[in-house]
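Numbering (this note's numbering), first residue to last: 29 to 274.
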(Lines of atoms letter the chains of each structure in order from A; the text may use other names.)
(Lines give C-alpha, C1' and ligand atoms only; values in the text may rest on other atoms or scores of the structure.)
Protein backbone atom coordinates (compact mmCIF):
# COMPACT_ATOMS: atom_id res chain seq x y z
CA UNK A 29 0.00 0.00 0.00
CA UNK A 30 1.38 3.39 -0.98
CA UNK A 31 2.40 5.60 1.93
CA UNK A 32 0.55 8.93 2.14
CA UNK A 33 2.57 11.57 3.97
CA UNK A 34 0.90 12.86 7.12
CA UNK A 35 1.38 16.57 7.89
CA UNK A 36 0.52 18.04 11.29
CA UNK A 37 -0.33 21.75 11.16
CA UNK A 38 0.14 23.59 14.46
CA UNK A 39 -1.24 27.14 14.41
CA UNK A 40 -3.62 28.99 16.72
CA UNK A 41 -5.26 30.76 13.74
CA UNK A 42 -8.21 28.61 12.65
CA UNK A 43 -8.41 30.18 9.19
CA UNK A 44 -4.74 29.48 8.47
CA UNK A 45 -5.04 25.90 9.75
CA UNK A 46 -8.03 25.29 7.48
CA UNK A 47 -6.40 26.95 4.48
CA UNK A 48 -3.22 24.88 4.76
CA UNK A 49 -5.06 21.63 5.52
CA UNK A 50 -7.45 22.02 2.57
CA UNK A 51 -4.67 22.82 0.12
CA UNK A 52 -2.43 19.96 1.23
CA UNK A 53 -5.31 17.49 1.15
CA UNK A 54 -6.09 18.50 -2.44
CA UNK A 55 -2.41 17.85 -3.21
CA UNK A 56 -2.78 14.27 -1.98
CA UNK A 57 -1.39 14.61 1.55
CA UNK A 58 -3.02 13.56 4.80
CA UNK A 59 -3.39 16.36 7.33
CA UNK A 60 -4.20 16.89 11.00
CA UNK A 61 -4.45 20.20 12.83
CA UNK A 62 -3.62 21.43 16.32
CA UNK A 63 -4.28 24.84 17.86
CA UNK A 64 -1.75 24.56 20.70
CA UNK A 65 1.24 22.71 22.02
CA UNK A 66 -1.05 20.59 24.19
CA UNK A 67 -3.03 19.43 21.17
CA UNK A 68 0.18 18.81 19.23
CA UNK A 69 1.53 16.53 21.97
CA UNK A 70 -1.73 14.58 22.12
CA UNK A 71 -1.72 13.99 18.37
CA UNK A 72 1.93 12.97 18.27
CA UNK A 73 1.23 10.45 21.04
CA UNK A 74 -1.62 8.89 19.09
CA UNK A 75 -0.45 8.76 15.46
CA UNK A 76 2.66 8.81 13.26
CA UNK A 77 3.48 12.15 11.64
CA UNK A 78 5.87 12.73 8.74
CA UNK A 79 6.30 16.53 9.06
CA UNK A 80 5.11 19.35 11.32
CA UNK A 81 4.19 22.83 10.06
CA UNK A 82 4.71 24.93 13.18
CA UNK A 83 3.78 28.59 13.68
CA UNK A 84 6.14 30.64 15.85
CA UNK A 85 3.64 33.18 17.21
CA UNK A 86 1.20 31.29 19.42
CA UNK A 87 -0.12 31.95 22.93
CA UNK A 88 1.24 29.75 25.68
CA UNK A 89 4.03 27.55 24.32
CA UNK A 90 5.24 29.37 21.22
CA UNK A 91 6.70 27.65 18.18
CA UNK A 92 10.30 28.13 19.28
CA UNK A 93 9.68 26.43 22.62
CA UNK A 94 7.78 23.62 20.93
CA UNK A 95 10.55 23.11 18.37
CA UNK A 96 13.11 22.89 21.17
CA UNK A 97 10.88 20.37 22.95
CA UNK A 98 10.52 18.27 19.80
CA UNK A 99 14.26 18.16 19.20
CA UNK A 100 14.98 16.89 22.72
CA UNK A 101 12.23 14.28 22.91
CA UNK A 102 11.06 11.05 21.25
CA UNK A 103 9.89 12.94 18.14
CA UNK A 104 13.27 14.55 17.47
CA UNK A 105 13.56 13.09 13.95
CA UNK A 106 10.27 14.55 12.64
CA UNK A 107 11.07 17.39 10.21
CA UNK A 108 9.75 20.83 11.20
CA UNK A 109 8.85 23.71 8.89
CA UNK A 110 8.34 26.93 10.85
CA UNK A 111 6.01 29.76 9.86
CA UNK A 112 7.29 33.23 10.80
CA UNK A 113 5.96 36.77 10.60
CA UNK A 114 7.26 39.02 7.84
CA UNK A 115 10.49 40.79 8.74
CA UNK A 116 11.15 38.80 11.92
CA UNK A 117 14.71 37.80 11.00
CA UNK A 118 15.56 37.01 14.61
CA UNK A 119 12.74 34.47 14.84
CA UNK A 120 13.92 32.78 11.66
CA UNK A 121 17.50 32.54 12.88
CA UNK A 122 16.50 31.27 16.32
CA UNK A 123 14.12 28.79 14.70
CA UNK A 124 16.98 27.30 12.69
CA UNK A 125 19.14 27.22 15.80
CA UNK A 126 16.40 25.32 17.63
CA UNK A 127 16.45 22.62 14.97
CA UNK A 128 13.84 23.65 12.40
CA UNK A 129 14.52 22.18 8.96
CA UNK A 130 13.18 25.20 7.06
CA UNK A 131 11.05 28.32 7.47
CA UNK A 132 8.45 30.21 5.47
CA UNK A 133 7.48 33.84 5.96
CA UNK A 134 3.83 34.90 6.30
CA UNK A 135 1.94 35.78 4.19
CA UNK A 136 2.94 32.93 1.91
CA UNK A 137 1.69 31.26 -1.26
CA UNK A 138 0.26 27.81 -0.57
CA UNK A 139 2.04 26.42 -3.61
CA UNK A 140 5.41 27.43 -2.13
CA UNK A 141 4.51 25.80 1.18
CA UNK A 142 3.74 22.54 -0.64
CA UNK A 143 7.04 22.73 -2.55
CA UNK A 144 9.01 23.26 0.66
CA UNK A 145 7.22 20.39 2.41
CA UNK A 146 8.03 18.03 -0.47
CA UNK A 147 11.66 19.18 -0.51
CA UNK A 148 12.05 18.60 3.24
CA UNK A 149 10.50 15.14 3.00
CA UNK A 150 12.85 14.23 0.14
CA UNK A 151 15.87 15.38 2.10
CA UNK A 152 14.74 13.48 5.19
CA UNK A 153 14.42 10.21 3.27
CA UNK A 154 17.26 10.29 0.82
CA UNK A 155 20.82 11.28 1.69
CA UNK A 156 23.17 12.30 -1.14
CA UNK A 157 24.94 9.28 -2.71
CA UNK A 158 28.17 9.83 -0.79
CA UNK A 159 26.20 9.73 2.48
CA UNK A 160 24.21 6.56 1.87
CA UNK A 161 24.64 4.23 4.83
CA UNK A 162 26.07 0.91 3.71
CA UNK A 163 27.94 -0.05 6.87
CA UNK A 164 25.10 -1.64 8.85
CA UNK A 165 25.92 -1.85 12.53
CA UNK A 166 28.97 0.44 12.35
CA UNK A 167 30.11 3.28 14.58
CA UNK A 168 32.09 6.25 13.35
CA UNK A 169 34.48 7.16 16.16
CA UNK A 170 36.03 10.61 16.52
CA UNK A 171 37.47 12.31 19.59
CA UNK A 172 35.14 11.73 22.53
CA UNK A 173 32.20 10.72 20.34
CA UNK A 174 30.67 7.92 18.26
CA UNK A 175 28.02 8.21 15.57
CA UNK A 176 25.78 5.17 15.17
CA UNK A 177 24.89 5.32 11.47
CA UNK A 178 22.11 2.74 11.75
CA UNK A 179 20.20 4.40 14.60
CA UNK A 180 21.48 7.89 13.67
CA UNK A 181 22.49 8.48 17.28
CA UNK A 182 25.39 10.60 18.48
CA UNK A 183 26.87 8.85 21.52
CA UNK A 184 29.29 10.16 24.11
CA UNK A 185 31.95 8.04 25.84
CA UNK A 186 29.40 6.84 28.38
CA UNK A 187 27.06 5.65 25.63
CA UNK A 188 24.53 8.42 26.27
CA UNK A 189 22.70 9.62 23.16
CA UNK A 190 22.65 13.29 22.14
CA UNK A 191 19.68 14.36 20.03
CA UNK A 192 20.42 15.48 16.47
CA UNK A 193 18.00 17.05 14.04
CA UNK A 194 17.92 15.67 10.51
CA UNK A 195 19.99 18.57 9.20
CA UNK A 196 22.53 18.21 12.01
CA UNK A 197 22.92 14.50 11.29
CA UNK A 198 23.42 15.11 7.56
CA UNK A 199 26.03 17.80 8.22
CA UNK A 200 27.91 15.58 10.68
CA UNK A 201 27.89 12.72 8.14
CA UNK A 202 29.37 15.06 5.51
CA UNK A 203 32.19 16.03 7.86
CA UNK A 204 32.85 12.45 9.00
CA UNK A 205 32.94 11.22 5.40
CA UNK A 206 35.38 14.00 4.45
CA UNK A 207 37.63 14.53 7.50
CA UNK A 208 40.54 16.95 7.27
CA UNK A 209 39.26 18.34 3.98
CA UNK A 210 38.11 21.94 3.54
CA UNK A 211 34.46 22.14 2.43
CA UNK A 212 32.98 25.45 1.34
CA UNK A 213 29.49 26.66 2.24
CA UNK A 214 28.03 25.90 -1.18
CA UNK A 215 29.18 22.27 -0.91
CA UNK A 216 27.80 21.93 2.60
CA UNK A 217 24.50 23.56 1.62
CA UNK A 218 24.09 21.22 -1.32
CA UNK A 219 24.97 18.11 0.72
CA UNK A 220 22.69 18.94 3.64
CA UNK A 221 19.73 20.71 2.03
CA UNK A 222 19.71 19.72 -1.63
CA UNK A 223 19.76 21.79 -4.79
CA UNK A 224 16.13 22.83 -4.39
CA UNK A 225 16.77 24.60 -1.08
CA UNK A 226 16.51 28.36 -0.87
CA UNK A 227 19.98 29.74 -0.20
CA UNK A 228 19.99 31.38 3.19
CA UNK A 229 23.41 32.91 3.66
CA UNK A 230 23.59 32.16 7.37
CA UNK A 231 21.96 28.72 7.35
CA UNK A 232 25.21 26.72 7.14
CA UNK A 233 26.94 28.90 9.73
CA UNK A 234 23.97 28.42 12.07
CA UNK A 235 23.97 24.68 11.45
CA UNK A 236 27.72 24.47 12.17
CA UNK A 237 27.15 26.47 15.36
CA UNK A 238 24.41 24.05 16.47
CA UNK A 239 26.58 21.03 15.71
CA UNK A 240 29.49 22.51 17.67
CA UNK A 241 27.17 22.90 20.64
CA UNK A 242 26.12 19.23 20.37
CA UNK A 243 29.81 18.22 20.33
CA UNK A 244 30.73 20.61 23.19
CA UNK A 245 33.18 22.19 20.74
CA UNK A 246 34.45 25.63 21.80
CA UNK A 247 33.71 27.99 18.91
CA UNK A 248 36.64 30.21 19.94
CA UNK A 249 39.11 27.32 19.77
CA UNK A 250 37.32 24.34 18.19
CA UNK A 251 38.86 20.88 18.22
CA UNK A 252 36.38 19.30 15.81
CA UNK A 253 34.99 21.79 13.27
CA UNK A 254 37.47 24.52 12.39
CA UNK A 255 36.71 27.61 10.34
CA UNK A 256 38.99 28.25 7.37
CA UNK A 257 38.88 31.96 6.64
CA UNK A 258 37.36 32.83 3.24
CA UNK A 259 37.04 29.13 2.36
CA UNK A 260 34.66 27.23 4.64
CA UNK A 261 35.03 24.57 7.32
CA UNK A 262 37.21 21.53 7.96
CA UNK A 263 36.59 18.59 10.30
CA UNK A 264 39.97 18.40 12.00
CA UNK A 265 39.56 15.20 14.04
CA UNK A 266 40.55 11.81 12.56
CA UNK A 267 37.67 9.38 12.08
CA UNK A 268 37.73 5.60 12.61
CA UNK A 269 35.12 2.94 11.78
CA UNK A 270 34.28 0.47 14.52
CA UNK A 271 31.93 -2.48 14.79
CA UNK A 272 28.80 -1.70 16.76
CA UNK A 273 28.25 -3.90 19.78
CA UNK A 274 24.98 -5.82 19.65
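For every residue, glycine included, the Cβ atom is placed at its ideal position computed from N, Cα and C. Please read all numbers here as calculations on a predicted model, not as lab measurements.
Per DSSP, what are the beta-bridge partners of residue i in this structure?
{"i": "residue 59", "result": "35"}
{"i": "residue 80", "result": "36 and 108"}
{"i": "residue 202", "result": "Looking at the DSSP assignment, residue 202 forms no beta bridge with any residue, so it has no partner."}
{"i": "residue 91", "result": "In DSSP, residue 91 forms no bridge with anything."}
{"i": "residue 268", "result": "169"}
{"i": "residue 254", "result": "262"}
{"i": "residue 130", "result": "109"}
{"i": "residue 184", "result": "173"}
{"i": "residue 189", "result": "183"}
{"i": "residue 211", "result": "261"}
Out of the options, which has the shortest C-alpha to C-alpha gap to residue i?
{"i": "residue 32", "options": "69, 52, 269 and 216", "result": "52"}
{"i": "residue 63", "options": "167, 181 and 71", "result": "71"}
{"i": "residue 196", "options": "178, 187, 177 and 236", "result": "236"}
{"i": "residue 215", "options": "259, 90 and 91", "result": "259"}
{"i": "residue 44", "options": "135, 233 and 181", "result": "135"}
{"i": "residue 100", "options": "87, 127, 91 and 217", "result": "127"}
{"i": "residue 37", "options": "56, 217, 68 and 232", "result": "68"}
{"i": "residue 57", "options": "46, 242 and 35", "result": "35"}
{"i": "residue 341", "options": "180, 93 and 96", "result": "An answer regarding residue 341 cannot be provided, because it is not within the stretch 29 to 274 covered by the chain."}
Inspect the beta-carbon positions of residue i and residue j and report whether they are closer than 8 Å.
{"i": "residue 250", "j": "residue 240", "result": "yes"}
{"i": "residue 27", "j": "residue 200", "result": "Residue coverage of the chain in this structure runs from 29 to 274, which leaves residue 27 outside it and unanswerable."}
{"i": "residue 142", "j": "residue 131", "result": "no"}
{"i": "residue 84", "j": "residue 112", "result": "yes"}
{"i": "residue 148", "j": "residue 129", "result": "yes"}
{"i": "residue 49", "j": "residue 59", "result": "yes"}
{"i": "residue 65", "j": "residue 89", "result": "yes"}
{"i": "residue 232", "j": "residue 245", "result": "no"}
{"i": "residue 95", "j": "residue 110", "result": "yes"}
{"i": "residue 47", "j": "residue 138", "result": "yes"}
{"i": "residue 262", "j": "residue 209", "result": "yes"}
Is residue i close to chain C? Criterion is C-beta to C-beta, closer than 8 Å.
{"i": "residue 104", "result": "In the displayed structure, chain C is absent; only one protein chain is listed."}
So does residue i have its beta carbon nearer than 7 Å to some heavy atom of the ligand FMN?
{"i": "residue 110", "result": "This structure lacks the ligand FMN; in fact it carries no ligand of any kind."}
Worksheet item: How about the stretch 201 to 215 and the stretch 262 to 271: do they share at least three Cβ pairs that are nearer than 8 Å?
Response: yes
Item to complete: Give a yes or no on contact between the stretch 168 to 186 and the stretch 71 to 80, applying the rule of three or more CB pairs nearer than 8 Å.
Response: No: fewer than three Cβ pairs fall under 8 Å.
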